[in-house]
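Enquirer:
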Ligand code: NAD
Ligand code: TDX
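Numbering (the working numbering), first residue to last: 227 to 555.
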């Protein structure tokens with residue numbers, strides 16, 4: 227099978243390509259990535275030599291290029307996006323362009339060739355849950371996005387669904403919770419914290435720090451996408467989440483400090499993010515019961531592994547760190 231992956235030089239896309247070529251060595255992957263600030267070929271150094279892998283630098287907004295690449299593809303797996311909520315608050319336009327118009331451009335090409343389209347989306351499209359409640363997002367939760375990022379992802383989800391209903395395009399969607407692990411850009415919470423601490427700085431906690439995310443190790447997300455690509459039902463959405471059990475940002479910071487042998491005085495409380503969603507939690511019963519998927523990597527153990535990875539791969543993140551911090555100044 228020939229898979230056109232978009233955004234494969236980003237965090238989850240690069241982990242996915244490495245995962246897929248290992249698990250499905252007979253398949254061929256073409257990685258279309260624009261190499262924005264978030265795209266990094268250094269994340270794929272070991273993969274580059276694989277004869278079943280090809281990289282194309284280009285944008286999902288380029289209809290002509292996308293049309294050419296779709297000619298030889300059997301399916302599309304779509305990761306490419308502007309993905310950072312803080313950047314979407316500072317400059318929403320790129321999010322509308324890439325996440326909505328870019329997805330539209332890919333869907334148009336997929337429709338002409340009639341090839342299956344898998345869309346990678348987020349739990350953030352459902353908005354916020356109450357702190358302290360036991361409620362979780364399910365496949366039936368109404369959309370209520372609160373940031374330009376999540377609104378643009380919601381728009382892309384709706385387009386994907388509409389192409390299935392209107393044109394009969396074979397589609398699947400996964401809405402996943404917060405990922406962590408190797409090759410995540412140092413602008414995101416966990417790598418920002420680890421890299422700041424390695425450099426003798428402090429952890430920046432937004433607001434009161436009592437915000438809750440549902441954390442999933444990136445490899446488990448790749449396994450979930452595999453389950454859906456292999457056995458998922460045409461037209462269906464699957465929610466994907468972790469087993470981190472309502473841990474607050476502050477408690478994650480305390481865990482990282484403990485792992486790194488540091489104390490709580492390394493925490494700085496900074497201004498809150500506007501429109502900051504209080505709590506996310508994902509009910510992943512459907513993908514478990516229908517496709518046999520469940521997370522395999524515990525949060526505690528793989529948080530330690532992630533700290534180790536950032537300690538041991540400073541040449542990967544150092545060139546990105548200054549640019550990552552520039553948005554916070
Ligand atoms: P990322 O920001 O690390 O990577 C995005 C990649 O897309 C980069 O390589 C970038 O160069 C590329 N890209 C951006 N605009 C492009 C364009 N116009 N054409 C081609 N390539 C372009 O993002 P990520 O964290 O790896 O997220 C990947 C996908 O997963 C996104 O769709 C995101 O919404 C979704 N998602 C992320 C998380 C998470 O926790 N990171 C959770 C759930 C869903
Ligand atoms: O320095 C920080 N301090 C802090 O307290 C940063 C960068 C973040 N935070 C908080 C905000 C959130 O409550 O930590 C939490 C996680 O923040 P991010 O890493 O920016 O992730 P989030 O906003 O939850 O979105 C992520 O998960 C869902 C990804 O960036 C999205 O692409 C994905 O869809």
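For every residue, glycine included, the Cβ atom is placed at its ideal position computed from N, Cα and C. All figures in this text were calculated on a predicted structure; none of them were measured in a lab.
Measuring alpha carbon to alpha carbon, tell me which of 376, 506, 271 ends up nearest residue 436.
Expert: Position 210 of the chain shown, counting from 1, holds the residue named residue 436. Minimum Cα distance to residue 436 is reached at 506.
Enquirer: For residue 378 versus residue 318, is the C-beta distance shorter than 9 Å?
Expert: Counting from one through the chain shown, the residue named residue 378 turns up at place 152. Counting from one through the chain shown, the residue named residue 318 turns up at place 92. Taking 9 Å as the Cβ cut-off, residue 378 and residue 318 qualify as a contacting pair.
Enquirer: For ligand 1, any of its heavy atoms closer than 8 Å to the Cβ of residue 404?
Expert: Taking the first residue of the chain shown as 1, we reach residue 404 at position 178. Yes.
Enquirer: Does the contact criterion of 3 or more C-beta pairs under 8 Å hold for the segment 247-256 versus the segment 276-289?
Expert: Judged by Cβ distances under 8 Å, the segment 247-256 makes contact with the segment 276-289, as three or more pairs qualify.
Enquirer: If distances are taken between C-alpha atoms only, which option among 329, 312, 290, 504 comes closest to residue 303?
Expert: Within the chain shown, the letter at position 77 stands for residue 303. Of the listed residues, the one whose Cα sits closest to residue 303 is 329.
Enquirer: With a threshold of 8 Å, establish whether the CB of residue 333 neighbours any heavy atom of ligand 1.
Expert: Your numbering for residue 333 matches position 107 in the chain shown. Incorrect: residue 333 has no Cβ contact closer than 8 Å to ligand 1.
Enquirer: Which two residues bound the contiguous alpha helix (DSSP H) that contains residue 245?
Expert: On the chain shown, residue 245 is found 19 positions in, with the first residue counted as 1. Where residue 245 is concerned, the enclosing alpha helix (DSSP H) stretches over 237-249.
Enquirer: Sort out for me which residues DSSP pairs residue 229 with in a bridge.
Expert: Here residue 229 refers to the residue found at position 3 when the chain shown is read from its first residue. DSSP output for residue 229 lists 255, 301 as bridge partner(s).
Enquirer: What first and last residue would you give for the beta strand (DSSP E) that runs through residue 283?
Expert: The count along the chain shown starts at 1 and reaches residue 283 at position 57. Its beta strand (DSSP E) spans residues 279-283.
Enquirer: Taking C-alpha atoms, which residue in 421, 346, 497 lies nearest to residue 479?
Expert: By one-based count along the chain shown, residue 479 stands at place 253. It is 421.
Enquirer: Just checking residue 492 against ligand 2 - is the residue's beta carbon closer than 8 Å to any of the ligand's heavy atoms?
Expert: Position 266 of the chain shown holds residue 492. Not so, every heavy atom of ligand 2 lies at least 8 Å from the Cβ.
Enquirer: Which whole runs of the beta strand (DSSP E) in the segment 353-403 are 3 residues long or more, in chain order?
Expert: Here the runs fully enclosed are 397-402.
Enquirer: How about the segment 540-550 and the segment 260-274: do they share at least three Cβ pairs that are nearer than 8 Å?
Expert: Because the criterion of three Cβ pairs below 8 Å is met, the segment 540-550 and the segment 260-274 touch.
Enquirer: Excluding the 5 residues preceding and the 5 following residue 469 in the sequence, name in chain order all residues of the same chain whose CB lies nearer than 6 Å to its CB.
Expert: On the chain shown, position 243 is the one that residue 469 refers to. Same-chain partners within the cutoff: 521.
Enquirer: Using 8 Å as the cut-off, classify the Cβ of residue 326 as near or not near the heavy atoms of ligand 1, replying yes or no.
Expert: The residue you call residue 326 lines up with position 100 of the chain shown. Result no, Cβ not under 8 Å from ligand 1.
Enquirer: Taking the alpha-carbon positions, what's the residue 401 to residue 376 distance?
Expert: Against the chain shown, residue 401 aligns to sequence position 175. Against the chain shown, residue 376 aligns to sequence position 150. Spanning the two alpha carbons is a distance of roughly 11 Å.
Enquirer: Take residue 488 as the anchor and find which of 474, 495, 428, 397 has the nearest alpha-carbon.
Expert: As a first step, residue 488 is located in the chain shown; it is residue number 262 there, counting from the start. Ranking the options by Cα distance to residue 488, first place goes to 428.
Enquirer: Would you mind reading off the limits of the beta strand (DSSP E) that contains residue 579?
Expert: The structure shown does not extend to residue 579, since the chain spans only 227 to 555, so no value can be given for it.
Enquirer: Please determine, among 332, 324, 327, the residue with the shortest C-alpha to C-alpha distance to residue 231.
Expert: On the chain shown, position 5 is the one that residue 231 refers to. Of the candidates 332, 324, 327, the one whose C-alpha sits nearest the C-alpha of residue 231 is 332.
Enquirer: So does the segment 333-344 actually touch the segment 380-399, counting three or more Cβ pairs closer than 8 Å?
Expert: Contact holds: three or more Cβ-Cβ distances are below 8 Å.
Enquirer: Using CA coordinates, which residue listed in 245, 297, 431 is at the minimum distance from residue 554?
Expert: Working through the chain shown from its first residue, we reach residue 554 at position 328. Selected option, being the one with the closest Cα: 431.
Enquirer: Would you mind sorting residue 349 into buried or exposed? The rule is 16 or more other CB atoms within 10 Å of its CB.
Expert: Numbered from 1 along the chain shown, position 123 holds the residue referred to as residue 349. Counting Cβ neighbours within 10 Å, residue 349 comes out buried, since at least 16 surround it.
Enquirer: Answer yes or no: the CB of residue 294 versus the heavy atoms of ligand 1, is any distance below 8 Å?
Expert: Numbered from its first residue, the chain shown carries residue 294 at position 68. Checking the Cβ of residue 294 against ligand 1 gives no.
Enquirer: If we call anything under 9 Å between Cβ atoms a contact, is residue 426 one with residue 495?
Expert: By one-based count along the chain shown, residue 426 stands at place 200. By one-based count along the chain shown, residue 495 stands at place 269. For residue 426 and residue 495, no; Cβs fall outside 9 Å.
Enquirer: At what residue ranges does the segment 398-474 contain a whole run of the beta strand (DSSP E), taking only runs of 3 or more?
Expert: Whole beta strand (DSSP E) segments, 3+ residues: 429-432, 463-466.
Enquirer: Here's the rule: buried if 16 or more other CB atoms are within 10 angstroms of the residue's CB, otherwise exposed. What is residue 419?
Expert: Translated into positions along the chain shown, residue 419 becomes position 193. Buried.
Enquirer: In the DSSP assignment, find the beta strand (DSSP E) that holds residue 511 and state where it starts and stops.
Expert: Taking the chain shown and counting its residues from 1, one reaches residue 511 at position 285. Note, residue 511: premise wrong, no beta strand (DSSP E); alpha helix (DSSP H) at 511-517.
Enquirer: Quick one: residues in its chain with C-beta nearer than 6 Å to the C-beta of residue 397, no 5 flanking neighbours on either side, listed in chain order?
Expert: Within the chain shown, numbered from 1, the residue matching residue 397 stands at position 171. Here the set comprises 343, 386, 390.
Enquirer: Along the chain, where does the alpha helix (DSSP H) containing residue 541 start, and where does it finish?
Expert: By one-based count along the chain shown, residue 541 stands at place 315. Element bounds for residue 541: 540-552.
Enquirer: Can you pull the DSSP bridge partners for residue 346?
Expert: Translated into the one-based positions of the chain shown, residue 346 becomes position 120. According to DSSP, which records beta bridges pairwise, residue 346 is partnered with 400.
Enquirer: What is the C-beta distance between residue 238 and residue 405, in whole angstroms, given that I count them as a contact (C-beta under 8 Å)?
Expert: As a first step, residue 238 is located in the chain shown; it is residue number 12 there, counting from the start. As a first step, residue 405 is located in the chain shown; it is residue number 179 there, counting from the start. With 8 Å as the limit, residue 238 and residue 405 qualify as a contact, their Cβ atoms being about 6 Å apart.
Enquirer: Is DSSP giving residue 311 helix, strand or coil here?
Expert: Numbered from its first residue, the chain shown carries residue 311 at position 85. Three-state result, residue 311: helix.
Enquirer: Out of 552, 517, 361, 482, which one is the CA nearest neighbour of residue 536?
Expert: One-based indexing of the chain shown puts residue 536 at position 310. Selected option, being the one with the closest Cα: 482.
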